[in-house]
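Here's the structure we're looking at; comments come further down.
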Amino acid sequence: MIKSGALESVNARLAEELAVGENQVAAAVRLLDEGATVPFIARYRKEATGSLDDGQLRLLEERLGYLRELDDRRSAVLASIKEQGKLTAELTAALMAADTKARVEDIYLPYKPKRRTKAQIAREAGLEPLAEQLLTDPSLSPEAAAAPFVAGEVADVAAALEGARHIVVERAAENAELVGGLRERFWETGTITARPASEAALTSEKTQKFRDYFDHAEPLAAMPSHRVLAVLRGEKEQALSLSLDGGEDDTYQAMIATALGVDLTAGAPATPWLAATIGFAWRTRLSVSASVDARVRLKLRAEEDAVTVFAKNLKDLLLAAPAGNRTTMGLDPGFRTGVKVAVVDGTGKVLDTCAIFPHQPQKQWDSAKATLAALVARHGIELIAVGNGTASRETDALATELIADIRAAGAAAPNKAMVSEAGASVYSASAYAAHELPGLDVTLRGAVSIARRLQDPLAELVKIEPKSIGVGQYQHDVTPGILAKSLGAVVEDAVNAVGVDLNTASVPLLSRVSGITESLAEAIVAHRDKAGRFQNRRALLDVPRLGPKAFEQCAGFLRIRDGEDPLDASGVHPESYPVVRRILDRAGLTLAEIIGDERALRALRPGDFADDRFGIPTVTDILGELEKPGRDPRPAFTTATFAAGVEKVADLKAGMVLEGVVTNVAAFGAFVDIGVHQDGLVHVSAMADRYVSDPHEVVRSGQVVRVKVVDVDVERRRIGLTLRLKDETKPARGPRRDERPRTTARKPQRPNASGATTGARAGGSMAQALRDAGFGR
């Protein structure tokens, strides 16, 4: 348990990092320790935290965990050193000042119990005085100084000097200040180089997707996360060999000499031996540890960036515009196996399913269209959702023709939209899908999911493990635990921002609500199935194992439509209902009269209803909820219209202006589906007429955009797009039959003065971004 003094220190540091008041941090920490969730604190405890938002609270929660682990480790290290009888005031002060786990471990290294090392064996042989003499008095001849130590286990002068060398090396390797300095210099000046892993990798078809890294060098500190993860994947797949170079050895050896108090320019008798020992220390111990540390740091930084990008994309996708409670037909496209069809009503209940075979090899176009027309007429279908996988454009053409025929007949025709299939197969094969859709073939479950995704993306996507949704960059190369924790927080925040209908929500959706575990979600659904729909929020307390604490955390995020109390359909927490009563008394209106009355509500002053428990922030939120109860923060539903006749990459021409949907946003740009089975890339440099540091400033996943085709490489299936519709274009590049894979590596690129790599493939060009993205993989 963290002592109060340590807790105060943690709070002070968190306040400094977040640039907020220490009292705000202390309140947030107390609430988190009491079991409150981030969404609950952000929404319903604004007075306590000074209105910290969910982003600040997530960062606070993450850093709180790290700093507490740091304090625990620090305490353990202090106890270990004290037990050895070696703890001094200076050492205690150094450990207390350590601000990272790595720094604590550096300080602890000399005192850490370890296996017998060569240096320890040398000490046991009595050679430490020799090492000390040579370090403090370089005027001594190493051989003459070593001669008296030849005895017992020390066979000769050479053995004595070798033992002394190991002692000096270990002393350098356990110098916390030195190790930290070497580590930082290696990181700041080092370079990573990628080359083919073998001769076979040069010509192997499997490794050709990494051929742009067969000769690549880049500064460690400046290397973008997507390139880091790309070369690490190449190394894992035995396509690339990576090496890290810290730069000139002389600089590092000079740092080691300074730390040991050695003057390498003295020209004394022991100077050559000391210089050789320092060089040995750098080559065999310190350069290796600095390189390993830089590699770990490089991967961690890349993972953090990748997770951040994935989290932003996932949030955008989860909060994409819902089409609403309309009867929808989902089409899961396919050629040989046919197009799977599922019709769901406004609540997502399956009404009908079948399979049609309009494409090759069966080519039953007219029969398939007639089947779909009958389903539209029978169920009054309002929307058609077409999955964006294989055969999507051909299936979209079928839906377009169907709609045209229905309109020509003078009937009301449904609208259609292309829907991402990412993760649909994962859902189809899941245990939850089998439970939710018993008796339905696994191939048809995907069509159901596609239809429901159009109705409510959030409600459907929560059924899928976030990493399987496919809106990240190299997400499968990120440490699973790091990714899962971050994405879980994104899903939780999105679900609670929108709110959940208590009477229709699935177990996966309910389990993402603040304060509700998966077992509680199952209990809620079981109670609902047995007792019928919930008529008010208080009825939640009848659910087994759902106590007052869970009720406090979840009630405000659960909605009950057409229940006994209209407030239960809003985001007003039950604990705040007395405030609403005071508002009604002051306004002289009933609840039914004041809800939605913008003029009456805006005439009220939040301060008039605040008290010791509910301050102005909470009252302001309450008035906003009364104005638009249960308002959905998601945007209005829109769809993209793909250009007719543009169905494959070869159909694209430079200069075309097309409509598309953003499918993924990476650090270097955004991918856009323009309906040709291959997403195009809008590089970050082509997003606006101003400098854009983060593509998320301009676009988000799921957004409908107009783009211009600027570059097409038909053979490699690469499409360059721009959001600046006045940009110049390049002619399409068709297949080059005589092109063969390179069999020799180019001269390594080296960083120039500005830190960029030289050569035609350097910098942040569109071509580089396309390669980074792994087009054609």
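Quick note: the sequence shown uses this note's numbering, first residue 574, plus one each step. Every residue gets a Cβ at the ideal spot worked out from N, C-alpha and C, and that includes glycine. This structure is a prediction, so every number in the text was calculated from the model and none was measured.
By the Cβ neighbour-count rule, THR857 is exposed, with fewer than 16 other Cβ atoms within 10 Å of its own. Of all C-beta pairs linking the stretch 624-639 to the stretch 1157-1164, fewer than three are shorter than 8 Å, placing the two stretches out of contact. Between ALA1070 and the set ILE1097, VAL804, VAL727 and LEU1031, the nearest pair of CA atoms involves LEU1031. Judged by beta-carbon spacing, VAL1280 lies within the 8 Å limit of VAL1245, meaning their Cβ atoms are closer than that value. From the listed residues VAL1271, ARG1290 and ARG1289, the smallest Cα separation to ARG1297 is found for VAL1271. Between VAL741 and ALA854, the gap from beta carbon to beta carbon is short of 8 Å. Around VAL1219, the same chain offers LEU1225, MET1229, LEU1231, ILE1247, GLY1248 and VAL1249 as residues with beta carbons nearer than 8 Å, after the five sequence neighbours per side are excluded. ASP1284 is bridged by DSSP to GLY1293.
Counting of Cβ neighbours within 10 angstroms places LYS989 among the buried residues, the total reaching 16 or more. When rounded, the separation of the alpha-carbon atoms in THR661 and ILE654 is 9 Å. When rounded, the separation of the alpha-carbon atoms in LEU1254 and ASN1237 is 10 Å.
The Cβ-Cβ distance between GLY1169 and GLU1198 does not fall below 8 Å. Fully enclosed alpha helix (DSSP H) runs of no fewer than 4 residues occupy 730-746 and 749-762 of the stretch 723-772, in order along the chain.
Put simply, the stretch 1012-1024 touches the stretch 911-928. At least three CB pairs are less than 8 Å apart.
In the three-state DSSP reduction, ILE680 falls in the helix class (H, G or I).
When DSSP states are grouped into helix, strand and coil, ARG1204 belongs to the coil group.
Fully contained in the stretch 927-968 are the following alpha helix (DSSP H) runs of length 4 or more, in chain order: 938-952. Close CB contacts of VAL1257 within its chain, under the 7 Å cut and outside five residues either way in sequence, are with PHE1241, GLY1242, VAL1265 and PRO1268 (chain order). Of the candidates ARG758, ASN584, THR900 and LYS619, the residue whose Cα lies closest to the Cα of SER862 is ARG758. Taking a contact to require three or more Cβ pairs closer than 8 Å, the stretch 817-826 and the stretch 709-724 do not qualify as touching. With a threshold of 16 other beta carbon atoms within 10 Å, GLY953 falls short and is exposed.
The beta carbons of THR780 and ALA812 sit about 4 Å from each other, so the pair counts as a contact at 8 Å. Cβ-Cβ distances below 6 Å link LEU1010 to ARG1018 in the same chain, with the five nearest sequence neighbours on each side left out; the list follows chain order. ARG784 and VAL835 have their alpha carbons spaced roughly 47 Å apart.
ASP627 is a Cβ neighbour of ALA615, given a cutoff of 8 Å. Out of GLU1091, ASP1138, ASP1135 and GLY1129, the CA that lies nearest to the CA of ARG1118 is found in GLU1091. Pairing LEU625 with VAL1063, the inter-Cα distance amounts to about 17 Å. Counting only the Cα atoms, ASP1185 lies some 51 Å from GLU955. Per the coordinates, the alpha-carbon of THR881 lies some 22 Å from the alpha-carbon of ASP1252. The C-beta distance from ALA1227 to VAL1282 rounds to 6 Å, short enough to fall under 8 Å.
PRO792 sits in a strand when the DSSP states are folded into three classes.
ARG1085 is the residue among ALA1007, TYR681 and ARG1085 whose C-alpha sits nearest the C-alpha of PRO1039. Its chain contains PHE1182, PHE1187, VAL1192 and ILE1195 as the residues whose beta carbon lies nearer than 7 Å to that of VAL1152, once the 5 sequence neighbours on both sides are disregarded; these appear in chain order. Apart from sequence neighbours up to five positions away, the residues of its chain that approach LYS691 with a beta-carbon distance below 7 Å are HIS739, ordered along the chain. Classified as buried, LYS1036 has 16 or more neighbouring CB atoms from the shown chains inside 10 Å of its CB. The DSSP assignment places complete alpha helix (DSSP H) segments of no fewer than 4 residues inside the stretch 1015-1061 at 1015-1028 and 1030-1034, in order along the chain.
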